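According to this note's numbering, the sequence shown is numbered sequentially starting from 386. Note sheet for the following structure.
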Amino acid sequence: MEHMLYINADKFVTVDNELIPTGELQDVANTPMDFRKPKKIGDEINADFEQLHFTGGYDHSYVINKKCSGIEKIAILSDENSGRTMEVYTDCIGVQFYAGNFIENNKVVGKENCLYKNRSGICLETGFLPDSMNQPNFFSPVLKANKEYKTTTIYKFIY
């Protein structure tokens, strides 16, 4: 919760109370979903905001502000205590930000028998927007026969 996060996105995909993507793109401005300026993940994760209530925290797909069709830096995650930073570069149009909201306390065993707690990790997963297949206003994920699909995501660690 103390990591600083930046995501280059003006909009995110809303979900309903069963966590199903609605197809609606909502502006991040003036909401706890706004990471266009770096802020601590824990700063607003418990805010009184319907989308956060539905998911128990952050578990949403963001629409990247793409400048070109190529690879761009889209997110920065940093830990002030260790000095470590992870930069995310991709040619994808979306990034799913998940803050470990569904990790059950002390039920997930990790490296060296470490027991993980709720919100003890995050994911930044690039790709298409969720439910793109059924959303005509989203980029299509359909790949035609005999066509090749390639995408690149780079996670660059700096220490």
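In this text, a Cβ means the ideal position worked out from N, Cα and C, and glycines have one as well. Keep in mind that this is a model prediction, so the values were computed, not measured.
Contact defined as beta carbons within less than 8 Å: I believe residue i pairs with residue j. What is the distance between those atoms, to the nearest angstrom?
i	j	result
SER467	GLY485	Going by Cβ atoms, the distance from SER467 to GLY485 rounds to 18 Å, so no, they are not a contact pair.
VAL448	LEU410	6 Å
VAL400	HIS445	7 Å
PRO423	MET389	5 Å
ASN503	ASN490	5 Å
PRO406	ASP516	4 Å
Taking residue i as the reference, give the member of the options with the closest Cα.
i	options	result
ILE392	ASN490, TYR540, ASP464, LYS458	LYS458
ILE456	LYS541, MET471, ILE543, THR537	THR537
LEU462	GLU533, CYS453, LYS496, ILE426	ILE426
GLN520	ILE539, GLY408, GLU489, GLU429	GLY408
ASN450	ALA394, PHE524, ILE539	ALA394
ARG421	ALA460, TYR534, MET518, ASN503	ALA460
VAL413	TYR544, PRO406, LYS396, ASN402	LYS396
LYS541	PRO526, THR470, ASN491	THR470
LYS487	LYS496, VAL398, GLU429, PHE439	The question names Lys, but residue 487 is Phe in the sequence shown. Comparing Cα-Cα distances from PHE487 to each of LYS496, VAL398, GLU429, PHE439, the minimum goes to PHE439.
ILE543	PRO417, GLU472, SER517, ASN415	GLU472
VAL398	LYS532, GLU497, LEU500, LEU437	LEU437
From what residue to what residue does the beta strand (DSSP E) around residue i run?
i	result
GLU472	470-475
GLU457	457-463
GLU435	Looking at the DSSP string, GLU435 is not in any beta strand (DSSP E); the run it does join, the alpha helix (DSSP H), is 435-440.
PRO406	406-412
ALA545	Lying before the first or after the last residue shown, residue 545 is absent from the chain, which here runs from 386 to 544.
LYS541	538-543
SER454	Segment: none, SER454 is in no beta strand (DSSP E) and carries neither H nor E.
- [ ] Could you tell me which uninterrupted beta strand (DSSP E) segments, each at least 3 residues in length, are contained entirely in the segment 474-531, listed from first to last along the chain?
- [x] You should have 479-483, 508-512.
TODO: Kindly confirm or deny that the segment 476-485 and the segment 501-516 touch, where touching means at least three C-beta pairs closer than 8 Å.
DONE: yes
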